[in-house]
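Protein chains: 2
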Amino acid sequence: MVNCIIVGSMGLDRIETPFGKVMDEPGGSAFYASVAARFFTKPGVVSIVGKDFPRQHQQFLEAKQIDLDGLKVEGRTFRWDGLYEYDMNDAKTLNVELNSLASFRPVLSERYKDAEFVFLANTHPQTQIDVMEQLRKPKAIVLDTMNYWIDNEREALMKAIGMCDVFVLNEGEARMLFDNPNLVVCGRQGLKLGPKAVIIKKGEHGALLFKDEHIFASSGYPLELVKDPTGCGDSFAGTLTGFLASQDSMSLENLKKAVVYGSVIASFNAEDFGANNLRKIKKLDIEERMEFFRRLTEF
Amino acid sequence: MVNCIIVGSMGLDRIETPFGKVMDEPGGSAFYASVAARFFTKPGVVSIVGKDFPRQHQQFLEAKQIDLDGLKVEGRTFRWDGLYEYDMNDAKTLNVELNSLASFRPVLSERYKDAEFVFLANTHPQTQIDVMEQLRKPKAIVLDTMNYWIDNEREALMKAIGMCDVFVLNEGEARMLFDNPNLVVCGRQGLKLGPKAVIIKKGEHGALLFKDEHIFASSGYPLELVKDPTGCGDSFAGTLTGFLASQDSMSLENLKKAVVYGSVIASFNAEDFGANNLRKIKKLDIEERMEFFRRLTEF
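Protein chains in written order, with the working numbering: chain A, 1 to 299; chain B, 1001 to 1299.
Quick look at the structure:
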């Protein structure tokens, strides 16, 4: 049985930042999220790549005990071409080729339908709903989205948010979705839509977790060198889902730890291009940085 | 003897935010900073107001044991007219009348020259240097500045930073001064200029403290209602200076606590217009919010 699944894109990226550029870098939300989640669980991946997706990337994932039964191979691989300028805050998308991703409708295998912990990375909210309806006994569904769906598919998005357990979005999306500049107001509004927890990601400034009447404010991990922020949001959410799967409870304490682990693993991710650093680090590196994080915020 | 002094502006503000507007509100950096510092020490104020400055505001400060021997009364009061729009991030200055502040050159009385803890609010860096040269035995000089001096008086500003103990600036100023988007790099560069500690304020996202090789990342206090952010930076720095004066040591632990107290008192300040909330709150309110802050960031 696969207890944790990740549903999202997989593809090949061309990334340019002030620190250099890479071509044909394996990426996509499901790539980052699964490589991050594997520190806590053995995630299954629901995604699609083309026949041109280099076999070595699948071999790497399999070697890390990531289950690829849900990875369809068809047509040509999704490609993204992004540029980060001086301040590294937002990626400019220079080019997108959806290719086989365009017609991908995730159908869960029997082995995956019993998964209890699920990360639904950003995609059309109706696709997210379709996946949620296939799950037989979900315990924690983590849902991400993006500004495009807030603008263009609000109704389906609201329904998807109401069906998930942990709704993850960034601060710009939060302000847009709730039409309010105050993130505390946004977080509380998010809870009213149905999820048990709402997490607002603030990039280098950390994250805010809302659960019932509680708020947890996590600082960002202070990095001296950010080479490439691609995939930080997905590695954050993948870690969160994987950690919850390893704990089997959605307590406030576990959610807090999940957020901090998410920040820590996302910080490693930002230190090198693509998922290169996430592929190399060991559990011990993560625990060391967790300890540093604790000292960093204790007073 | 006055052990803690605050050097800055005092005046009357007209403030408009999405939540309302106020006229003739007492303000200026020294007003906010001294009203905040008084929770920990009996600060002396070095500033200037005009003969039109309502007597009741001075009486209020005196009633709170704030020493006004350094407050000159001359000509007409400094006036500032500011507007905050929807996102409340930056004040638009609609009008400024410097009046008597224009020619103010702070001269410390004998009672003030022995002050050990000093907050030099934003003003011309040469004026800040002149004050520092009058101090006989400073233990902690806290220095603030603004983008205008970074652009136009860089040489004098660099000298002033080199003479202070704690350099406080906001994230935009930090990126501008060190020509680097990375705040960790900026903080470390700041330490190289001479101060024992550098604090980068990030508004609602909290603050970063740099001391030797240590970093402390303080979250912002999550406020559901921000009515008027005027004076938050000055009440933060005033609190910091006042708290250090009450501790008589610049240890990392004390600096961390000073930053959190600063964030807490600034959060009270933002909840009402002008310094209205700072004038009303009690030490117990502050301690309660400190405890809440601890729970908010513990994991």
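Cβ atoms here follow ideal geometry from the backbone N, Cα and C, with glycine treated the same way.
State the DSSP-derived secondary structure class of V22/A, mapped to helix, strand or coil. strand
Within chain A, the residues that E953/B reaches when beta carbons sit closer than 7 Å: Absent from the model: residue 953/B. The displayed extent of chain B is 1001 to 1299, so no value can be given.
From I1281/B to E1271/B, what does the alpha carbon distance come to, in whole angstroms? 11 Å
Assuming contact is defined by CB atoms lying nearer than 8 Å, are K42/A and Q65/A in contact in what I supplied? yes
Tell me the rounded alpha-carbon separation between F78/A and A121/A. 15 Å
I48/A in three-state terms, based on DSSP: strand
Neighbouring residues, chain A, relative to L1169/B (Cβ below 9 Å): What L1169/B touches in chain A: nothing, since even the nearest Cβ is about 16 Å away.
Can you find the residues in the same chain that come closer than 8 Å, C-beta to C-beta, to K1137/B, ignoring five residues on each side of it along the sequence? D1114, E1116
In whole angstroms, give me the CA-to-CA distance for L1183/B and I1199/B. 10 Å
Spatial distance of L223/A from A1174/B (CA atoms): 16 Å
Please state whether DSSP places F178/A in a helix, a strand or coil. helix
For the ligand NAD, I want to know if N147/A counts as a neighbour, meaning its beta carbon is within less than 7 Å of at least one of the ligand's heavy atoms. Questions concerning the ligand NAD fall outside what the structure shown contains, since it holds no ligand whatsoever.
For P954/B, return the contacting residues in chain A, with the cut-off set at a CB-CB distance below 7 Å. The requested residue 954/B is not part of the displayed model; chain B covers only 1001 to 1299.
Where does A140/A fall in DSSP's three states? strand
From the DSSP output, in three-state form, read off D234/A for me. helix
Against chain A, with Cβ distances strictly below 8 Å, would T1297/B count as a contact? yes
Distance check for E1153/B and L255/A, CA to CA, integer angstroms please. 48 Å
Could you say if the region 1240–1260 of chain B and the region 1001–1018 of chain B meet the contact criterion of at least three C-beta pairs nearer than 8 Å? yes
Once the 5 residues before and after Y1086/B are set aside, which same chain residues still bring their CB inside 7 Å of it? P1018
Can you tell me whether T1093/B is buried or exposed, with buried defined as 16 or more other CB within 10 angstroms of its CB? exposed
Taking C-beta pairs closer than 8 Å, name the residues in chain B that F216/A reaches, listed in chain order. L1296, T1297, F1299
Would you mind telling me which residues of chain B sit closer than 8 Å to S219/A, beta carbon to beta carbon, in chain order? G1206, A1217, S1218, S1219, T1297
Which of the three DSSP states is assigned to G1162/B in this structure? helix
Less than 8 Å between the beta carbons of D300/A and F273/A, yes or no? Nothing can be reported for residue 300/A: it is not among the residues displayed for chain A, which extend from 1 to 299.
Closest Cα partner of P26/A within the set R294/A, F292/A, N277/A, M163/A: N277/A
Given that a residue counts as buried once 16 or more other Cβ atoms are within 10 Å of its Cβ, and exposed if not, what is R294/A? exposed
Reference C164/A, options L191/A, F104/A, G242/A, closest by Cα: L191/A
Answer yes or no: does any C-beta atom of chain B fall closer than 8 Å to that of V226/A? yes
Any idea what DSSP makes of I15/A, helix, strand or coil? strand
For L994/B, which residues of its own chain have a beta-carbon under 7 Å away from its beta-carbon, when the five flanking residues on both sides are left out? Outside the shown range of chain B, which is 1001 to 1299, sits residue 994/B, and nothing can be said about it.
Using a C-beta cutoff of 8 Å, does K1257/B count as contacting chain A? yes
Could you tell me the distance, in whole angstroms, from the CA atom of E171/A to the CA atom of S263/A? 15 Å
Could you have a look at I1150/B and say whether DSSP puts it in helix, strand or coil? helix
Is the beta carbon of T230/A sitting closer than 8 Å to the one on I15/A? yes
Strictly by DSSP, which residues pair up with S103/A? In DSSP, S103/A forms no bridge with anything.
What number of angstroms, rounded off, separates the C-alpha of L252/A from the C-alpha of K139/A? 15 Å
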